[in-house]
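Heads up, the sequence shown is in the working numbering, so the first residue is 5 and it goes up one at a time. Beta carbons: idealized from backbone N, C-alpha and C, even for Gly. I have placed the structure first, in the form of structure tokens, so that the comments after it can refer back to it.
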Amino acid sequence: MKMATMHPTCYEFTSKKSKRLNELALMEIEVDNIVKWVNLAKAELSKEGQSDFNFDLVRAFNISAITTYAKFFSSNKGFSLKPRVKNIFNEKECVQHHEIYNLRNQIFAHIDDTDKLSMICEVYVNHSDGLPTFLKPNITFAAALGSEKLDTFILMLAKLKDYLKEQYKICGNQVFEEFNTEFQAM
């Protein structure tokens, strides 16, 4: 482990394990943010039909929650640590995980893919002649998953956070051992 800078009470760790430790801490913070956004979306959805209901807020909270959640598991850029879904969630939750991840891909990240978007459009029909009057893309996370699944999502996030805490503890012990070894060699 290389210590880039050394101060009387502060050390900057630059090893791969210490970078992973930092990433795990950031992921825990992001899980807390996701829970907050899902709860805010649920609170706003409870106002649906009232004059102060704000669809744009629901959409913004859902986009933030889903895209941040997907970063944990995306094979592209994002976090280098990719938690294994099967190591965290039960079978039902794994199915929901894939629904959420696919929502991110179909609705938010690749909205230009009209084939995927058309599968989740609401069609409003004129009842007098039976012809569609307009289409509205169904872009709300809650509408796509439903209130019960939002609650399950929050429980899944708690499991993910527990997993991250466990990994943080393991990695933190390894970084501490590296530090002790290097410090004793000084």
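Of the choices His102, Leu28, Asn91, whose alpha-carbon is the least far from that of phenylalanine 157?
-> As a working note, residue 157 is residue 153 in the sequence shown. If we check each option's Cα against that of phenylalanine 157, His102 comes out closest.
Does DSSP classify serine 22 as helix, strand or coil?
-> For the purposes of this step, residue 22 is identified with residue 18 of the sequence shown, where counting begins at 1. Three-state DSSP puts serine 22 in a helix.
Between the Cα of valine 62 and those of Glu95, Lys40, Phe83, spot the shortest distance and give me the residue it belongs to.
-> Working through the sequence shown from its first residue, we reach residue 62 at position 58. The option with the nearest alpha carbon to valine 62 is Lys40.
Under a three-way DSSP split, which group does lysine 163 fall into?
-> In the sequence shown, counting from the first residue as 1, residue 163 sits at position 159. In the structure shown, lysine 163 sits in a helix (DSSP, three-state: H, G or I).
Do glutamate 27 and serine 84 have their CB atoms nearer than 8 Å?
-> Position 23 of the sequence shown, counting from 1, holds the residue named residue 27. Position 80 of the sequence shown, counting from 1, holds the residue named residue 84. For glutamate 27 and serine 84, yes; Cβs fall inside 8 Å.
Taking all protein chains shown into account, decide if asparagine 66 is buried (16 or more other Cβ within 10 angstroms of its Cβ) or exposed.
-> Mapped onto the sequence shown, residue 66 falls at position 62. Buried is the call here.
Test item: CB-CB of lysine 51 and phenylalanine 57 under 8 Å | Locating residue 51 in the sequence shown gives position 47, where the first residue counts as 1. Locating residue 57 in the sequence shown gives position 53, where the first residue counts as 1. Against a cut-off of 8 Å, the Cβ pair of phenylalanine 57 and lysine 51 comes out as a contact.
Residues of its chain near tyrosine 167, where Cβ-Cβ distance is below 8 Å and the 5 sequence neighbours each way are ignored | Within the sequence shown, numbered from 1, the residue matching residue 167 stands at position 163. Contacts found: Pro87, Asn91, Ile92.
Please state whether DSSP places asparagine 177 in a helix, a strand or coil.
-> Mapped onto the sequence shown, residue 177 falls at position 173. DSSP places asparagine 177 in helix when its eight states are reduced to three.
Please classify aspartate 4: does DSSP put it in a helix, a strand, or coil?
-> In the structure as shown, the chain starts at 5 and stops at 190, and residue 4 therefore has no counterpart that could be examined.
Tell me whether leucine 107 is buried or exposed, calling it buried when 16 or more other Cβ atoms sit within 10 Å of its Cβ.
-> For the purposes of this step, residue 107 is taken as the residue at position 103 of the sequence shown. That one is buried.
Local conformation of glutamate 170 per DSSP, three classes = Translated into the one-based positions of the sequence shown, residue 170 becomes position 166. Glutamate 170 falls in the helix class under three-state DSSP.
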